[in-house]
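Numbering (our numbering), first residue to last: 38 to 158.
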């Protein structure tokens, strides 16, 4: 084998390796669209304006649903606290002199506890 043939085979082998590497790179997914999330990019105001323009006919429903989501989130946090105050302070300990707001849960709990005894008589 001559040196020219050896050099040609080496060039072909290198070319095959680069083609294989290029094929592997094209198979990999491009995640450039998620770079904004990683880099901490700020809010794109033009996109927000377009979104708000599309939502303009539904403004009332959007405001109502936003208010209801905020109310539900607040109640998710407050309801266990209020229930624990009612159960621990008023039912278990029998302390009715507490100034904590109960939002009518004490009356409901006493009605629920006394109603079966009244009905069974």
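A virtual CB, placed ideally from N, CA and C, is assigned to each residue, including glycine.
Beta-carbon proximity check, residue i vs residue j, cutoff 8 Å
i           : j          : result
residue 101 : residue 92 : no
Residues of its chain near residue i, where Cβ-Cβ distance is below 8 Å and the 5 sequence neighbours each way are ignored
i           : result
residue 55  : none
residue 111 : none
DSSP three-state assignment for residue i, whether helix, strand or coil
i          : result
residue 88 : helix
residue 49 : helix
residue 81 : coil
residue 39 : coil
Cβ shell of residue i (< 6 Å), same chain only, five flanking positions each side left out
i          : result
residue 45 : none
Straight-line gap, residue i to residue j (C-alpha atoms, nearest Å)
i           : j           : result
residue 90  : residue 81  : 15 Å
residue 116 : residue 107 : 14 Å
residue 41  : residue 58  : 26 Å
residue 96  : residue 121 : 38 Å
residue 85  : residue 105 : 22 Å
Beta-carbon proximity list for residue i, same chain, < 7 Å, skipping 5 on both sides
i          : result
residue 51 : none
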